[in-house]
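Colleague: Which chain is which? The protein sequence lines are V and E, in order. Quick note on the numbering used here: the first sequence kicks off at 230 and runs consecutively. Quick note on the numbering used here: the second sequence kicks off at 923 and runs consecutively. Yeah, the Cβ is synthetic: ideal placement off N, Cα and C, and Gly gets one too. Computed from a prediction, not measured in an experiment: that's the story for all the values here. Dropping the structure in here first, questions after.
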Amino acid sequence: MRRARKTRLFILLAASVVLALVVAACGGKSSSSDTTKAAAPATSIKGATVTMWVMNNGPHPVEDTQRILQPFELQTGVKVDVKLVGWDVQFDRIKNAAVSGTGPDITQAGTTQVPFFAALGGFQDLSQYTSQIGGAGAYANGIWKTTQVEGQSGTWAVPWFTEARAIYYRKDALEKAGVDPATAFTDWDAFNNTLIKLKAVKDIGGKPIKPYGGPGKKAFDLVHSVMPFVWTAGGSELTPDNKQSAINSPQSAEGVEFYANLIREGVFDTSALEKDGQGVENMFKGGQLAVWIGGPWVLGSTGRADDKTWSDAARKNVGIAPLPKGPSGKSFAFVGGSNLMMYKNSKNKDASWAVIKYLSQDASQKAYADLMGMFPARLAPQKQIGDTDQNHKEFLQAIEEGRSYAPIPQWAQVENAYKSSFGDILDTAAGFGGKAYSTQAVQKQLDAAAKEADTLLAQGA
Amino acid sequence: MSISETEPKIQPAQPLTPAPPEPPADHALTATARRHTWRRNRFAWWLIAPALIFMLLVHIVPMLLGVYVGFLKLNTFTLPKLFGAPFIGLANFKGLFDSANPIHDGFVDATRNTAIYTSTVVAGTIGGGMAVALLLNRSFPGQRIVRTLMLTPWIIPTFVVATLWQFMWQKDAGIINKVLVDYTHVLSHKPTWLLGDNTIWAIVIPSIWRGLPLPMLFFLAGLQAMPPELHEAAKMDGAGAWQRFRHITFPLLRPLIGIQLLFGVIYATYQFVMPYIMFGSDPGPKADLLMTLIVRQAFDNNLFGYGAAISTLLMLAMGAWVALWYLAFRRDLEVAA
């Protein structure tokens, strides 16, 4: 009998341990919210807490965002809980939050990511609200397009800030090479000749300098550096109906080959291919490159004394120029940036919209963009920043001539396929690929990339 | 009341592997005997029940669901449906072996690279570990310090090793090229390690560097537990160093080598951190391992069906390896008759 009672005691203990484990494992999972609940009236947003995810926008992303939102919090009584989600993990986190139904109220997202996230189905269609901020008319065409999704009506995001890539050059290096900045980068021939002349400038003030450098396949934004050359050659990433890849067309191949040929001509510092975007950015700031293609935040950081990656010579001699015109006769720049999206399962939709609306006011647009060296997304404050100086004017021109990718949900995967392909082509051009570089080799690589992209595009069928 | 009623028998010639407990000799396999055994073991079962249920929930069930995903068309568009995504049978598996499918080439490259990586790293760590253990198995001044220093690569996390070696491998600024070309003039020009054909060695060499101390430690312990009389007797009979190693040291260390081989191959095949930290999610055609391929296709490209299919094949391959290993090393695990 004693043995039986001891056994019963242990059965009870074991069962309670199992129960505790099961409760711990399943706990914390909130039930999916009731989406049929009617929206609370606007007057009751006071006291609500809105959770907002931001990415690494500058050296102090959370503090900067909170500072911009402080007047809003005082004015409306809404508390905004800003959380940092790094660029390295944001894609998975935003995706998981959308699919699982638990996440923040608002999130920042890259402009090229919006179609994918919207297609997941976890985000709020904002078209009922956007008339309050001026709708499509308050934004440049290319920027408003980043809120739309092909094949899905509605407005899925609100543009927050914009960036465009342009040419950064060292004024002192060009001077030493005897090149006039006004005509240095006007078209492909001028671009090539400038870099060849810069080859003769071996160093500045005793510090060695190479003509041009760009990242390899380790950089998440490699495609943004190469695609403008494809566009300006008359090529495109996809066919006009967005159903098939056009990266292996003769014009696209010409654009890719122009970029790869910079390596063959010896004006491209191939050690940059080992690095990611940040690594090559630091090479330019450190004074190792005379020409580089980058975004406006680097221009913004010339004024920040706490940014120690700048060498003195580089900091004082930064010049900006638009990307060169190719065979098509037009210059194109990659335009990106970030938008704000609202989760469908948010329990504070009105308060969340109030936050988004506040961040879309011209004043807050300008303030936030100033802090980070980005451009506002709205037309009016954009022009204001553009008028600051000649360098900013060049960036504004780049934004106006800007172009982005097709707004399809599979774009991120197609971009991955292209990134692999471009990376391999650049490696081959630099002699690392193990095979010889030739036009046929490039064509073969691009054909393989097109085949992979076509398979990814066919997913939706 | 005890669980086992006999003491484990210890064989004097096998100091390294303990013998499993034998069932009591007076119990025949009768129904009564089985009932007695069950009642005695019931207590044990109740104690391990929580751990068993936990394992089922956290390991077995997700693994089976993962295998199931390999039979689904789970991608960007069907992701919200999750396990309700369309069932397509073996189409994902067939696609991996179909040369017309773009994913095939990447799969072949990753398999080849993983095979090269696993064989070189396991040979390097076990061979190198054995060599260093033999060298350390004698007393010399500073032996303790050298032994501790030899252990340090193991305590550095793989993430840190990958980050450090990534900087060391850089073509112009990296210390390795500086030593090879500028300081010692072993090579005439600086090779590129982080791009092209050398990328596989860029991950193999740090892996061997980091993995060598653990086998070394095991072998050193085994060597020091070996009775010196065996070597002395062999020396008196005129056996040379190599013969002594081949006929005495190696057979006695076989169980340890077996264990290192088993875990070494599994760990190397599942290696992810080294290439991912050094190269990002796309290490290139020479250094892409199966794990980076799975992560890239499943999470960057949202082709979850393919990712799950490759994972299932990898798991089956490792199961086959364990079975093969068991056949080869079975007798090292059992008590000598």
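Can you look up Ala-369(V) in the DSSP assignment and give me helix, strand or coil?
Modeller: The residue labelled residue 369(V) in the question sits at position 140 within the first sequence. The answer is coil: DSSP assigns Ala-369(V) none of H, G, I, E or B.
Colleague: Which residues in chain E sit within 7 angstroms of Glu-466(V), going by Cβ to Cβ distance?
Modeller: Here the question's residue 466(V) lines up with position 237 in the first sequence. None at all; the shortest Cβ gap to chain E is about 16 angstroms.
Colleague: To the nearest angstrom, how far is the alpha carbon of Ser-262(V) from that of Lys-472(V)?
Modeller: By 1-based counting over the first sequence, the position of residue 262(V) is 33. By 1-based counting over the first sequence, the position of residue 472(V) is 243. Any reading at Ser-262(V) is ruled out, since the residue's pLDDT is 40, under 50, leaving its predicted position unreliable.
Colleague: Counting only C-beta atoms, is Ala-1239(E) closer than 7 angstroms to chain V at any point?
Modeller: The residue given as residue 1239(E) occupies position 317 in the second sequence. Answer no: the Cβ-Cβ gap between Ala-1239(E) and chain V never drops below 7 angstroms.
Colleague: Find out if the Cβ-Cβ distance for the pair Val-991(E), Thr-1234(E) is shorter than 7 angstroms.
Modeller: Here residue 991(E) is taken as the residue at index 69 of the second sequence, counted from 1. Here residue 1234(E) is taken as the residue at index 312 of the second sequence, counted from 1. Cβ distance not < 7 angstroms, so Val-991(E) and Thr-1234(E) don't count as in contact.
Colleague: With distance defined between alpha-carbon atoms, name the residue in Ala-973(E), His-1026(E), Leu-994(E) nearest to Gly-1011(E).
Modeller: Looking up residue 1011(E) in the second sequence gives position 89. The shortest Cα separation from Gly-1011(E) among Ala-973(E), His-1026(E), Leu-994(E) belongs to Leu-994(E).
Colleague: With H, G and I counted as helix, E and B as strand and the rest as coil, what does DSSP make of Tyr-397(V)?
Modeller: In the first sequence, residue 397(V) corresponds to position 168, counting from 1. Reduced to three states, the DSSP call for Tyr-397(V) is strand.
Colleague: Which residues share a DSSP beta bridge with Gly-662(V)?
Modeller: Residue mapping note: residue 662(V) aligns to position 433 of the first sequence, counting from 1. In the DSSP output, where bridge partners are listed per residue, Gly-662(V) has none listed.
Colleague: Exposed or buried, Ala-271(V), counting other C-beta atoms within 10 Å across all chains shown (16 or more means buried)?
Modeller: Here residue 271(V) refers to the residue found at position 42 of the first sequence. Confidence at Ala-271(V) is low in this model, with a pLDDT of 49, below 50, so the placement of that residue is unreliable and no value is reported for it.
Colleague: CB-CB under 6 angstroms to Trp-1115(E), same chain, minus the five flanking residues each way: which ones, in chain order?
Modeller: As a position in the second sequence, residue 1115(E) is number 193, starting the count at 1. Hits under 6 angstroms: Trp-1091, Ala-1124.
Colleague: In chain E, which residues lie less than 8 angstroms from Pro-638(V) when you measure between Cβ atoms?
Modeller: As a first step, residue 638(V) is located in the first sequence; it is residue number 409 there, counting from the start. Residues of chain E passing the Cβ test: Thr-998, Phe-999.
Colleague: Give every residue of the same chain whose Cβ lies closer than 7 angstroms to the Cβ of Ser-1021(E), excluding the five residues on either side of it in the sequence, and list them in chain order.
Modeller: Numbered from its first residue, the second sequence carries residue 1021(E) at position 99. Closer than 7 angstroms at Cβ, skipping near neighbours: no residue.
Colleague: From the beta carbon of Gln-642(V), is the nearest beta carbon of chain E less than 7 angstroms away?
Modeller: The residue you call residue 642(V) lines up with position 413 of the first sequence. Cβ-Cβ to chain E under 7 angstroms: yes for Gln-642(V).
Colleague: Would you list the one or two residues that DSSP bridges to Glu-392(V)?
Modeller: Residue mapping note: residue 392(V) aligns to position 163 of the first sequence, counting from 1. DSSP, once it has assigned bridges, lists Gly-565(V) as partnering Glu-392(V).
Colleague: Alpha carbon to alpha carbon, what distance is there between Met-284(V) and Glu-292(V)?
Modeller: The residue you call residue 292(V) lines up with position 63 of the first sequence. The residue you call residue 284(V) lines up with position 55 of the first sequence. Approximately 12 angstroms between the Cα atoms of the pair.
Colleague: Scan the region 286-369 of chain V and note each continuous beta strand (DSSP E) run of 3 residues or more that stays entirely inside, going in chain order.
Modeller: DSSP runs (the beta strand (DSSP E)) wholly in the region 286-369 of chain V: 308-313, 335-339.
Colleague: Within 10 angstroms of the Cβ of Gln-1182(E), are there 16 or more other Cβ atoms? Answer buried if so, exposed if not.
Modeller: Position 260 of the second sequence holds residue 1182(E). Buried is the call here.
Colleague: Can you have a look at Ser-1061(E) and say buried or exposed, based on whether 16 or more other CB atoms are within 10 angstroms of its CB?
Modeller: In the second sequence, the residue the question calls residue 1061(E) occupies position 139. By the 10 Å Cβ count, Ser-1061(E) comes out exposed.
Colleague: If contacts are defined as beta-carbon pairs under 8 angstroms, then Phe-1005(E) and Leu-1018(E) qualify, I think. What distance do you get, rounded to the angstrom?
Modeller: The sequence position of residue 1005(E) within the second sequence is 83, counting from 1. The sequence position of residue 1018(E) within the second sequence is 96, counting from 1. Rounded, the Cβ-Cβ distance is 21 angstroms, inconsistent with contact.
Colleague: Report the rounded CA-to-CA distance for Thr-1074(E) versus Lys-537(V), giving the unit in angstroms.
Modeller: In the second sequence, the residue the question calls residue 1074(E) occupies position 152. In the first sequence, the residue the question calls residue 537(V) occupies position 308. Taking the straight line joining both Cα atoms gives about 34 angstroms.
Colleague: Checking contacts by CB at 7 angstroms: is Asp-1119(E) closer than that to chain V?
Modeller: Numbered from its first residue, the second sequence carries residue 1119(E) at position 197. Answer yes: the Cβ-Cβ gap between Asp-1119(E) and chain V drops below 7 angstroms somewhere.
Colleague: Are the beta-carbon atoms belonging to Gly-442(V) and Leu-518(V) less than 7 angstroms from one another?
Modeller: If you number the first sequence from 1, residue 442(V) lands on position 213. If you number the first sequence from 1, residue 518(V) lands on position 289. Result yes, Cβ atoms of Gly-442(V) and Leu-518(V) sit closer than 7 angstroms.
Colleague: Check for me: the alpha helix (DSSP H) holding Ile-549(V) runs from which residue to which?
Modeller: Here residue 549(V) refers to the residue found at position 320 when the first sequence is read from its first residue. First-last for Ile-549(V): 547-550, but that is the beta strand (DSSP E), not the alpha helix (DSSP H).
Colleague: Would you check if the region 475-494 of chain V and the region 399-412 of chain V touch, i.e. whether three or more CB-CB distances between them fall below 8 angstroms?
Modeller: Counting Cβ pairs under 8 angstroms, fewer than three are found: no touch.
Colleague: At 7 angstroms on the CB atoms, spell out the chain V contacts of Leu-1116(E), in chain order.
Modeller: Counting from one through the second sequence, the residue named residue 1116(E) turns up at place 194. In chain order: Glu-503.
Colleague: At what residues does the beta strand (DSSP E) containing Leu-467(V) begin and finish?
Modeller: The residue given as residue 467(V) occupies position 238 in the first sequence. First-last for Leu-467(V): undefined, no H or E at that position.
Colleague: Can you find the residues in the same chain that come closer than 7 angstroms, C-beta to C-beta, to Lys-648(V), ignoring five residues on each side of it along the sequence?
Modeller: Residue 648(V) sits at position 419 when you count from the first residue of the first sequence. Result list for Lys-648(V): Lys-446, Leu-451, Val-452, in chain order.
Colleague: Would you call Arg-1252(E) buried or exposed, if buried means 16 or more other Cβ atoms sit within 10 Å of its Cβ?
Modeller: On the second sequence, position 330 is the one that residue 1252(E) refers to. With fewer than 16 other Cβ atoms within 10 Å, it is exposed.
Colleague: Can you tell me which residues form a DSSP beta bridge with Asp-692(V)?
Modeller: A question about residue 692(V) goes unanswered here, because the residues of chain V that appear run from 230 up to 690.
Colleague: Could you work out which residues of chain E lie near Glu-681(V), taking near to mean beta carbons separated by less than 7 angstroms?
Modeller: Locating residue 681(V) in the first sequence gives position 452, where the first residue counts as 1. In chain order: Pro-1024.
Colleague: If the criterion is Cβ atoms closer than 7 angstroms, does the pair Thr-305(V) and Met-570(V) meet it?
Modeller: As a position in the first sequence, residue 305(V) is number 76, starting the count at 1. As a position in the first sequence, residue 570(V) is number 341, starting the count at 1. Against a cut-off of 7 angstroms, the Cβ pair of Met-570(V) and Thr-305(V) comes out as no contact.
Colleague: Using the Cβ count rule (16 or more neighbours within 10 Å means buried), how would you classify Ala-1250(E)?
Modeller: As a first step, residue 1250(E) must be located in the second sequence, where it is residue number 328. So Ala-1250(E) ends up on the exposed side.
Colleague: Going by DSSP, what residues sit across from Thr-280(V) in a beta bridge?
Modeller: Position 51 of the first sequence, counted from the start, is the residue given in the question as residue 280(V). Looking at the DSSP assignment, Thr-280(V) forms a beta bridge with Asp-310(V).
Colleague: How about Lys-1093(E): is its C-beta nearer than 7 angstroms to some C-beta of chain V?
Modeller: Numbered from its first residue, the second sequence carries residue 1093(E) at position 171. Taking Cβ atoms only, chain V reaches closer than 7 angstroms to Lys-1093(E), which makes this a yes.
Colleague: Hey, could you find the ends of the beta strand (DSSP E) Trp-521(V) is sitting in?
Modeller: Position 292 of the first sequence, counting from 1, holds the residue named residue 521(V). From DSSP, the beta strand (DSSP E) with Trp-521(V) extends over 518-523.
Colleague: Apply the 10 Å Cβ neighbour rule to Lys-374(V) and answer buried if 16 or more other Cβ atoms are within range, or exposed otherwise.
Modeller: In the first sequence, counting from the first residue as 1, residue 374(V) sits at position 145. The residue in question, Lys-374(V), is buried, as its Cβ has 16 or more Cβ neighbours within 10 Å.
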